[in-house]
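Worksheet: the structure to be examined is printed underneath.
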Amino acid sequence: MTKAATKAASKAATKAATKAATKAASKAATKAASKAATKAASKAATKAASKAATKAATKAATKAA
């Protein structure tokens, strides 16, 4: 193998490896961000529901008293 051919092959391999690594990292980051967003939304919804339930219970108790 000539020096030029070796250099070209090395460049191609590096490019392919970089592309694969970038794709994998991007996929992992997207998954993590999605998971975090879902968790945050779920937490917010739970908090809102809890607040509403407490408000309703307080209203009912006040009415009954």
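Read in the numbering used here, the sequence shown has 935 at position 48, and its numbers run on one by one without any break. Heads up, the beta-carbon is just placed ideally off N, CA and C, and yes, glycines get one too.
Looking only at its chain, what residues have a beta carbon closer than 6 Å to the beta carbon of residue i, apart from the 5 residues adjacent to it on each side?
i: residue 919; result: none
i: residue 949; result: none
Return the chain-ordered list of same chain residues with a C-beta closer than 7 Å to the C-beta of residue i, the five sequence neighbours on each side being excluded.
i: residue 917; result: none
i: residue 927; result: none
* What are the start and end residues of each continuous beta strand (DSSP E) run of 3 or more residues lying completely inside the stretch 895-920, in chain order? -> none
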